[in-house]
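Protein chains: 4
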Amino acid sequence: MLRFLTAGESHGQLLMGVIEGIPSGLAITASEINSDLARRQTGYGRGGRMRIEKDTAEITCGVRWGRTLGSPIGLIIKNRDWVNWTDRMSPDPSMSGSIPPETRPRPGHADLCGIIKYAHTDVRNVLERASARETAMRVALGAVAKIFLSVFSVRIVGHVIEIGGIKARPGNVSVDLLSDRVEKSELRCADKKAEARMKKSIDEAKKNGDTVGGVFEIITTNVPAGLGSYSQWDKRMNARLAYAVMSIQAIKGVEIGIGFDAAASFGSDVHDAIYYDRSKRKFYRKTNRAGGLKAV
Amino acid sequence: MLRFLTAGESHGQLLMGVIEGIPSGLAITASEINSDLARRQTGYGRGGRMRIEKDTAEITCGVRWGRTLGSPIGLIIKNRDWVNWTDRMSPDPSMSGSIPPETRPRPGHADLCGIIKYAHTDVRNVLERASARETAMRVALGAVAKIFLSVFSVRIVGHVIEIGGIKARPGNVSVDLLSDRVEKSELRCADKKAEARMKKSIDEAKKNGDTVGGVFEIITTNVPAGLGSYSQWDKRMNARLAYAVMSIQAIKGVEIGIGFDAAASFGSDVHDAIYYDRSKRKFYRKTNRAGGLKAV
Amino acid sequence: MLRFLTAGESHGQLLMGVIEGIPSGLAITASEINSDLARRQTGYGRGGRMRIEKDTAEITCGVRWGRTLGSPIGLIIKNRDWVNWTDRMSPDPSMSGSIPPETRPRPGHADLCGIIKYAHTDVRNVLERASARETAMRVALGAVAKIFLSVFSVRIVGHVIEIGGIKARPGNVSVDLLSDRVEKSELRCADKKAEARMKKSIDEAKKNGDTVGGVFEIITTNVPAGLGSYSQWDKRMNARLAYAVMSIQAIKGVEIGIGFDAAASFGSDVHDAIYYDRSKRKFYRKTNRAGGLKAV
Amino acid sequence: MLRFLTAGESHGQLLMGVIEGIPSGLAITASEINSDLARRQTGYGRGGRMRIEKDTAEITCGVRWGRTLGSPIGLIIKNRDWVNWTDRMSPDPSMSGSIPPETRPRPGHADLCGIIKYAHTDVRNVLERASARETAMRVALGAVAKIFLSVFSVRIVGHVIEIGGIKARPGNVSVDLLSDRVEKSELRCADKKAEARMKKSIDEAKKNGDTVGGVFEIITTNVPAGLGSYSQWDKRMNARLAYAVMSIQAIKGVEIGIGFDAAASFGSDVHDAIYYDRSKRKFYRKTNRAGGLKAV
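Protein chains in written order, with our numbering: chain P, 1 to 296; chain V, 1001 to 1296; chain H, 2001 to 2296; chain E, 3001 to 3296.
In structure tokens form, the structure reads like this:
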């Protein structure tokens, strides 16, 4: 079993992460983690800070000479703007008051709920941790997990399929081709035409001081059959994936396979019929509406 | 912290559940649990067995003279058809072979994946636990949790909003009125006109030996602010709710608030603006697009 | 990872247990579990009830035709005296008051602490769950775990080494011989002479309405190297074993290997020197003061 | 629920710790944590390195202006000797081989077991994490927990009661007096005479390149009744304390209250009789053989 904890505020000194359960002997370098962190920071329409500052993770524990030890792996991402926030976010009581409190809770954030829960008067005490910046460490820890999965040839590709109501038509292409296109796209969108319209939609929103929503899809290949289990509610793969995805800030919905489209379909159009290839002695399916997770 | 484990096969002797962490002194009776089990068994278009057999839960542990003891609560639901399955599902090795093995894995079920994972040759060894019958015990344990929540006036109402592509328009009604309508509806749908069309859609599908999908909505009232936390990924309320809901068989998507509709909207149309009522000295919002979970 | 929950009161209808994580295909029968339950009930000096009533466990879930399914395993032990307690321990509120409340908390039990914690006025509401009877289900679930370990030839033998201050000298015998002697002994003590004196000590205490304490030793053979881990505090084997053992009612101390004797020794007399047998190409040790758990 | 993870190797760059679940608003400073770290490093007979180098913890996350935020608290302890180990313990594959491998597993350590478990050939890959140095971060995180407990006036005092077979007689003194004496003692032993003899025993062992064992006692005051629970095995306080204590390197035994002495006693001499003071309307006990944990 893997487990991890993260810590760190958006403008604090650093973000920390400890992940436990990665086997020993796995080849792993900071640069692999950092390439995922770099990808996190790209993206059309991002704020200026995002583009200028480059997050880099240091491996501080658990890896020696390029190989995991079997001990917990510790990662640190320093906040580059720390020099401007040293007093304002200092753990030291003597720095108290070095910046006036934030008193206006923002909608669409945990601000109001957070000050109620934790009895804060300064909204900053909430927004610093509730921030999407927290996902930087999750990306870094996720990179470690991805390296581990790559040993089993498991590959994970994510791409944008909708922004501001404009839907992409990525076409029925191989994962390799899809991945290529996505890496080249500023919006991580494989449909060039849609991408152009999405950009326009972003530009317009930006001009009005607004933002637009979107949808992305994650494709995983070479996953062995039988991960998770129907034996107990909390081991089900559908559930675990939804748990992880919905824990990301700003995500308000998750589907597996055709998802909500199943609601408007006949069962016969939803289930993935099972075939057997006698020559290869293998089961196979011609469709994948269940998203590979057949334990409906 | 509440935790629970369930056990039991679809045609086995019984279903078992243990739930731990319910405080002492809570008033609780089997009949309250059984009324939720009865509701689970109603529903237009259900199979015959569902309608004839009535599940009843026995409280076997943890409750004395109508009050919880603080000890774990144990529940049992006997499978009424057990008499016909005693040999076929017996734990006794001498009963081996009393029914021929199921050899055809069904699509839309865990059958194929399960026999691979657990190295079974008889598909029955999978389908008996992977079955939706497992949710009977979850309903019973959930009823206990609901009774606990009712102490805090928390109320949970669920209703069908789409079947076979037909969408209900429940109207902007109070939870009380919605609940009344739902309890009277065979489909647990508050929109009578939509209900009629949904029934037709079910009838047609049935005639063709098929099924139709659907969507339901869960509304919870009086939930105190501050449940869950943004402090760590696995404590986030959005995530926990998705985890629980997606652990139910056949569910392939979950949304909170306006969910996927947010993807096609501007941020300004998604966030729920915060207002302050000076006379009541209270924050309030005029919209609820985040589903009450503001920690976007 | 194995996990389990138990439920049940001492004079309630039954004890329940659910254990999860046992692999599929394991051969298992109720009679194997029951032979461990029978051993729990023997023992010189036990109360009359212990000797007359025989606990038997029913496998209600998770096992079919003598093999585990991979689903959770459910066990039930009926309380044989239930007929006399049906009203007194009924979950039904209408039975309230069918026996006067226990108002005197006993020393050496959780009584006083329990009524404070759970706000009970009837001590019975505590003693029914805090009772050592709870271990009956743990023995049954432990029997399942033992059967699983036996696949790896892991064997667990327990024997009494001290009662009422009288120490046994089991001698330097093989585990097989030790086990034989233990099974034949009324006190589960391998030293016949010491056993005779222990019995006398028990008889005397009994005459005075008193009890005597004791110490038992557990020996496990064929455990593979590398269970547990030093990587995180909660994975350490020393710690996990102590956790499990100290969770048993009435146990107030646990040692591994020579335990507290190490405190009065030089390091050189405590550590188990490592040798290497070139012909067998194997490490070995001549001593076992660390109890086989070398991760001091 | 509190949870924490630590990471870090003995000669690595630093030790990391994340603790989660500490409420917001708690006053906490690095100097309080560091005073506990300083106490860890004192002690007669310690190696030279221990005396020269001073561990200091930095609070990197979760605390602002002297108050906890409710977010996870992150701590870092830099290894002062890192400059000499930068290459030898580098996560960078290019540093591979900058120090020859350790090939001799030491007895009394996890060395041999660790290289088997994690398939290492260099023993250093084990000893760096299995090291007692790991407890430095546990002391720091424990200091945070102690500060939290101090809000409830819970106080924790530890003192040495045996070294090399020499037992201390701390006398029947108040916790305040005991604590005073302990803080002044080089051996953290409240019995001056015994301390002198213990020191001699340590000196002698040292001369022979040997070490001596010992026993310490932990006393906790003002603990509220009802922590933990008899409701499930893993919530029992006896068990949880043993779990934590036995997770510390080199500890091979744990007792609560009179512990193993109970084995040689009559029940009547072990249980702590309950009295009731009518004027104060309070239960009390004259003895404390169960170590305050009455749920025998």
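Virtual Cβ for every residue (Gly too), placed ideally from N, Cα, C.
Burial of E1134 of chain V is indicated by the presence of at least 16 other C-beta atoms within 10 angstroms of its C-beta.
Looking only at P:L69, P:T60, P:S94, the smallest Cα-Cα distance to K78 of chain P is reached by P:T60.
Around the beta carbon of A3196 of chain E, fewer than 16 other beta carbons sit within 10 angstroms, so the residue counts as exposed.
The Cβ-Cβ distance between P105 of chain P and D1272 of chain V does not fall below 7 Å. Proximity of the segment 1263-1270 of chain V to the segment 1226-1235 of chain V falls short of the contact definition, fewer than three beta-carbon pairs being nearer than 8 Å.
Taking the Cα of A2038 of chain H as reference, the smallest distance to any Cα among H:G2021, H:T2056, H:G2045, H:A2290 is reached at H:T2056. The bridge partners DSSP lists for A2027 of chain H are H:R2067.
Around the Cβ of D1203 of chain V, a 10 Å sphere holds fewer than 16 other Cβ atoms; the residue is exposed. Only those residues of the segment 3108-3126 of chain E whose C-beta falls short of 9 Å from the nearest C-beta of chain H are listed: G3108, H3109, A3110, D3111, L3112, C3113, G3114, I3116, K3117, Y3118, V3126. Annotation for R1040 of chain V: V1139 place their beta carbon closer than 6 Å to its own, counting only its chain and skipping 5 residues before and after.
When the five nearest sequence neighbours on each side are left out, the beta carbons in the same chain lying within less than 7 Å of the beta carbon of S2185 of chain H are those of E2195, in order along the chain.
For E2128 of chain H, the enclosing alpha helix (DSSP H) covers residues 2124-2130. Considering only beta carbons, the part of the segment 5-21 of chain P lying closer than 9 Å to chain E consists of L5, T6, A7, G8, E9, G12, Q13, L14, L15, M16, G17, V18, I19, E20, in chain order. For T121 of chain P, no beta strand (DSSP E) run applies, since DSSP gives it neither H nor E. Residues L1015, L1037, R1040, D1055, I1077 of the same chain have their beta carbon placed closer than 8 Å to that of A1136 of chain V, with the five preceding and five following residues left out of the count.
Between N1222 of chain V and L1293 of chain V a beta carbon distance of about 15 Å is seen, past the 8 Å cut, so the two are scored as non-contacting.
Here the alpha carbons of V3254 of chain E and I1258 of chain V stand approximately 55 Å from one another.
Distances from the alpha-carbon of G142 of chain P to those of P:E217, P:R236, P:R278, P:L5 put P:L5 closest.
Apart from sequence neighbours up to five positions away, the residues of its chain that approach I274 of chain P with a beta-carbon distance below 7 Å are F283, R285, ordered along the chain.
Chain order gives the chain V residues near P3072 of chain E as S1231, Q1232, where near means a beta carbon separation below 9 Å. Near chain V, meaning a CB-to-CB distance below 8 Å, the residues of the segment 139-172 of chain P are E162, I163, G164, G165.
Following the DSSP letters along the chain, one finds I147 of chain P inside the alpha helix (DSSP H) bounded by residues 134-150. Our two residues, V1063 of chain V and I1156 of chain V, have alpha carbons roughly 23 Å apart in a direct line. Residues of the segment 2184-2204 of chain H that bring their beta carbon within less than 8 Å of a beta carbon in chain V are absent altogether. Minimum Cα-Cα distance from G1213 of chain V among the listed residues V:G1008, V:T1103, V:G1045, V:G1017 corresponds to V:G1045. Taking 7 Å as the CB threshold, V83 of chain P stays off the interface with chain E.
Beta-bridge partners of A2007 of chain H (DSSP): H:M2016. For V1063 of chain V, the neighbours in chain H by C-beta distance under 7 Å run, in chain order, P2091.
In the pairwise beta carbon analysis, the segment 2120-2129 of chain H is classified as touching the segment 2084-2104 of chain H: at least three pairs are separated by under 8 Å.
A distance below 7 Å between beta-carbons, with the five flanking residues on each side excluded, links K2146 of chain H to the following residues of its chain, in chain order: I2156.
Beta-carbon to beta-carbon, C1189 of chain V and A1205 of chain V are separated by about 16 Å, too far to satisfy the 8 Å threshold.
Separation of S94 of chain P and G3066 of chain E (C-alpha to C-alpha, rounded to the nearest whole angstrom) is 8 Å. Listed along chain H are A2242, Y2243, M2246, V2254, each with a C-beta nearer than 7 Å to that of A3242 of chain E. With 16 or more neighbouring CB atoms inside 10 Å of its own CB, P72 of chain P falls in the buried class. Scanning the segment 3201-3287 of chain E from its first residue to its last, the whole alpha helix (DSSP H) runs of 4-plus residues come out as 3237-3246, 3267-3270.
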